[in-house]
Amino acid sequence: MALAGCFQLREPEPAGAVSEWIQPTQIDILLTNFSTAVQSRNPANYERCFSGPGYRFVPDPTSAGTTAALFANWSVSEERDYFNSLRRRAPASGQNQLTLTSRRDQFFTTDSAEVSALYQLRVPQQDTAFRASLLEGSIRLLVRRRNNEWKIAGWRDQRTAANQTTWTDLKKYFISH
1 MALAGCFQLR EPEPAGAVSE WIQPTQIDIL LTNFSTAVQS RNPANYERCF SGPGYRFVPD
61 PTSAGTTAAL FANWSVSEER DYFNSLRRRA PASGQNQLTL TSRRDQFFTT DSAEVSALYQ
121 LRVPQQDTAF RASLLEGSIR LLVRRRNNEW KIAGWRDQRT AANQTTWTDL KKYFISH
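Here our numbering is used: position 32 in the sequence shown is 32, and no number is missing along the way.
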(Lines of atoms letter the chains of each structure in order from A and count residues from 1; the text may use other names and numbers.)
(Lines give C-alpha, C1' and ligand atoms only; values in the text may rest on other atoms or scores of the structure.)
Protein backbone atom coordinates (compact mmCIF):
# COMPACT_ATOMS: atom_id res chain seq x y z
CA MET A 1 0.00 0.00 0.00
CA ALA A 2 1.67 3.23 -1.17
CA LEU A 3 -0.28 5.54 1.16
CA ALA A 4 1.19 4.18 4.39
CA GLY A 5 4.32 6.32 4.01
CA CYS A 6 2.28 9.54 3.74
CA PHE A 7 1.31 9.59 7.40
CA GLN A 8 3.56 9.83 10.42
CA LEU A 9 2.62 9.14 13.99
CA ARG A 10 2.95 12.03 16.40
CA GLU A 11 2.93 12.31 20.14
CA PRO A 12 -0.56 12.82 21.53
CA GLU A 13 -1.34 16.16 23.13
CA PRO A 14 -1.25 16.16 26.94
CA ALA A 15 -4.64 15.44 28.48
CA GLY A 16 -6.66 18.63 28.73
CA ALA A 17 -4.14 20.75 26.81
CA VAL A 18 -6.46 22.21 24.21
CA SER A 19 -9.53 20.04 24.57
CA GLU A 20 -10.95 22.43 27.20
CA TRP A 21 -11.34 25.12 24.52
CA ILE A 22 -14.77 25.76 23.03
CA GLN A 23 -15.17 28.12 20.07
CA PRO A 24 -16.38 31.35 21.76
CA THR A 25 -19.39 32.13 19.58
CA GLN A 26 -21.16 33.62 22.63
CA ILE A 27 -19.94 35.79 25.50
CA ASP A 28 -20.86 33.05 28.00
CA ILE A 29 -18.56 30.62 26.18
CA LEU A 30 -15.71 33.15 26.18
CA LEU A 31 -16.10 33.61 29.94
CA THR A 32 -16.19 29.83 30.45
CA ASN A 33 -12.99 29.47 28.39
CA PHE A 34 -11.37 32.30 30.39
CA SER A 35 -12.39 30.84 33.76
CA THR A 36 -11.33 27.33 32.78
CA ALA A 37 -7.94 28.54 31.51
CA VAL A 38 -7.33 30.50 34.73
CA GLN A 39 -8.43 27.63 36.95
CA SER A 40 -6.46 24.95 35.13
CA ARG A 41 -3.46 27.28 34.54
CA ASN A 42 -3.56 26.63 30.79
CA PRO A 43 -1.42 29.35 29.14
CA ALA A 44 -2.37 28.49 25.54
CA ASN A 45 -6.09 28.78 26.21
CA TYR A 46 -5.62 31.83 28.46
CA GLU A 47 -3.85 33.66 25.63
CA ARG A 48 -6.52 32.63 23.11
CA CYS A 49 -9.11 34.60 25.12
CA PHE A 50 -7.50 37.94 24.21
CA SER A 51 -7.89 39.95 21.01
CA GLY A 52 -4.28 40.60 20.04
CA PRO A 53 -2.51 43.90 19.32
CA GLY A 54 -5.40 46.13 20.42
CA TYR A 55 -5.78 44.53 23.85
CA ARG A 56 -5.18 46.74 26.90
CA PHE A 57 -5.22 46.12 30.65
CA VAL A 58 -6.10 49.02 32.96
CA PRO A 59 -4.85 48.28 36.49
CA ASP A 60 -6.45 49.17 39.78
CA PRO A 61 -4.83 52.59 40.47
CA THR A 62 -4.11 51.88 44.14
CA SER A 63 -2.52 48.51 43.41
CA ALA A 64 -0.51 49.89 40.49
CA GLY A 65 0.79 52.69 42.75
CA THR A 66 4.25 53.83 41.75
CA THR A 67 4.52 51.10 39.10
CA ALA A 68 1.74 52.51 36.89
CA ALA A 69 4.27 52.75 34.02
CA LEU A 70 4.56 48.96 34.12
CA PHE A 71 0.98 48.79 32.85
CA ALA A 72 1.18 51.64 30.31
CA ASN A 73 1.74 49.28 27.38
CA TRP A 74 0.41 46.06 28.92
CA SER A 75 -0.61 43.73 26.11
CA VAL A 76 -1.33 40.07 25.44
CA SER A 77 2.42 39.43 25.62
CA GLU A 78 2.54 40.62 29.24
CA GLU A 79 -0.59 38.61 30.04
CA ARG A 80 1.19 35.51 28.76
CA ASP A 81 4.43 36.29 30.64
CA TYR A 82 2.78 36.97 34.01
CA PHE A 83 0.55 33.89 33.61
CA ASN A 84 3.52 31.62 32.82
CA SER A 85 5.47 33.05 35.77
CA LEU A 86 2.55 32.35 38.09
CA ARG A 87 2.14 28.88 36.62
CA ARG A 88 5.81 28.03 37.28
CA ARG A 89 5.32 28.84 40.96
CA ALA A 90 2.12 26.88 41.39
CA PRO A 91 2.09 23.52 43.14
CA ALA A 92 1.63 20.54 40.83
CA SER A 93 -1.57 19.58 42.61
CA GLY A 94 -4.51 21.89 43.07
CA GLN A 95 -6.07 24.48 40.85
CA ASN A 96 -6.85 28.16 40.94
CA GLN A 97 -10.46 28.89 41.86
CA LEU A 98 -12.17 31.78 40.04
CA THR A 99 -15.68 32.91 40.93
CA LEU A 100 -17.49 35.68 39.05
CA THR A 101 -20.67 37.07 40.65
CA SER A 102 -23.09 39.96 40.08
CA ARG A 103 -22.42 39.84 36.35
CA ARG A 104 -23.88 42.51 34.09
CA ASP A 105 -23.56 42.76 30.31
CA GLN A 106 -23.93 46.08 28.52
CA PHE A 107 -24.04 45.86 24.73
CA PHE A 108 -22.71 48.80 22.72
CA THR A 109 -23.34 47.13 19.35
CA THR A 110 -24.15 43.56 18.33
CA ASP A 111 -20.38 42.89 18.22
CA SER A 112 -19.19 44.87 21.25
CA ALA A 113 -20.09 44.72 24.94
CA GLU A 114 -18.79 45.35 28.44
CA VAL A 115 -19.05 42.53 30.96
CA SER A 116 -18.70 43.59 34.58
CA ALA A 117 -18.62 41.32 37.61
CA LEU A 118 -17.15 40.90 41.05
CA TYR A 119 -14.38 38.32 41.24
CA GLN A 120 -12.77 36.11 43.83
CA LEU A 121 -9.62 34.31 42.73
CA ARG A 122 -7.88 31.79 44.98
CA VAL A 123 -4.33 31.19 43.82
CA PRO A 124 -2.21 28.42 45.32
CA GLN A 125 1.40 29.36 44.61
CA GLN A 126 4.77 28.73 46.23
CA ASP A 127 6.45 32.15 46.14
CA THR A 128 6.67 33.15 49.80
CA ALA A 129 7.25 36.83 48.96
CA PHE A 130 3.71 37.07 47.53
CA ARG A 131 1.60 36.09 50.51
CA ALA A 132 -1.93 36.67 49.25
CA SER A 133 -3.89 33.60 48.24
CA LEU A 134 -7.27 35.34 47.81
CA LEU A 135 -7.68 38.17 45.30
CA GLU A 136 -10.88 40.18 45.11
CA GLY A 137 -12.26 43.08 43.16
CA SER A 138 -14.33 44.18 40.21
CA ILE A 139 -13.53 43.09 36.68
CA ARG A 140 -14.72 44.94 33.58
CA LEU A 141 -14.05 43.24 30.30
CA LEU A 142 -14.53 44.93 26.95
CA VAL A 143 -15.39 42.07 24.62
CA ARG A 144 -15.64 42.17 20.85
CA ARG A 145 -16.83 39.71 18.26
CA ARG A 146 -14.87 39.21 15.08
CA ASN A 147 -15.23 36.31 12.64
CA ASN A 148 -18.01 35.04 14.92
CA GLU A 149 -15.65 34.65 17.92
CA TRP A 150 -15.78 36.77 21.08
CA LYS A 151 -12.43 37.93 22.51
CA ILE A 152 -11.36 40.16 25.40
CA ALA A 153 -10.23 43.49 23.94
CA GLY A 154 -9.82 45.32 27.24
CA TRP A 155 -9.74 44.61 30.96
CA ARG A 156 -10.17 47.07 33.83
CA ASP A 157 -9.41 45.92 37.36
CA GLN A 158 -10.82 47.79 40.37
CA ARG A 159 -10.71 47.11 44.08
CA THR A 160 -14.02 47.12 45.93
CA ALA A 161 -12.62 47.45 49.48
CA ALA A 162 -9.60 49.25 50.92
CA ASN A 163 -7.57 46.27 52.13
CA GLN A 164 -8.09 43.93 49.19
CA THR A 165 -5.38 42.32 47.15
CA THR A 166 -6.44 42.58 43.51
CA TRP A 167 -5.64 40.88 40.24
CA THR A 168 -3.45 43.91 39.50
CA ASP A 169 -1.27 43.01 42.51
CA LEU A 170 -0.88 39.47 41.17
CA LYS A 171 0.08 40.67 37.69
CA LYS A 172 2.45 43.32 39.05
CA TYR A 173 4.33 40.80 41.16
CA PHE A 174 4.52 37.87 38.76
CA ILE A 175 5.44 39.88 35.64
CA SER A 176 8.70 40.83 37.35
CA HIS A 177 9.51 37.72 39.42
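C-beta atoms are modelled at their ideal positions from N, C-alpha and C, and glycine is treated no differently.
Beta-carbon proximity check, Ile139 vs Cys49, cutoff 8 Å: no
Classification of Asp111 by the beta-carbon crowding that lies within 10 angstroms, buried from 16 upward: exposed
Per DSSP, the bridge partner or partners of Ala113: Phe107 and Val143
Same chain only: Cβ atoms within 7 Å of Arg156, ignoring 5 sequence neighbours per side: Val58 and Arg140
Chain-order list of residues whose beta-carbon lies under 6 Å from that of Tyr82 (same chain, five-residue window excluded): Lys171, Phe174 and Ile175
Among Gln23, Pro91 and Arg80, nearest to Thr128 - alpha-carbon criterion: Pro91
Inter-residue Cα distance where the pair is Thr66 and Asp60: 12 Å
Proximity to Phe108 [Cα-Cα], best of Ser133, Arg144 and Arg87: Arg144
Contact belief for Leu135 with Thr165 at Cβ below 8 Å, rounded distance in angstroms: 5 Å
Proximity of Gln39 and Gln95 at Cβ, strictly below 8 Å: yes
Endpoints, the beta strand (DSSP E) within which Glu20 is located: Where Glu20 is concerned, there is no enclosing beta strand (DSSP E), given that its DSSP letter is neither H nor E.
Distance CB(Val123)-CB(Leu31) smaller than 8 Å: no
Between the CA atoms of Asp169 and Glu79 - distance to the nearest angstrom: 13 Å
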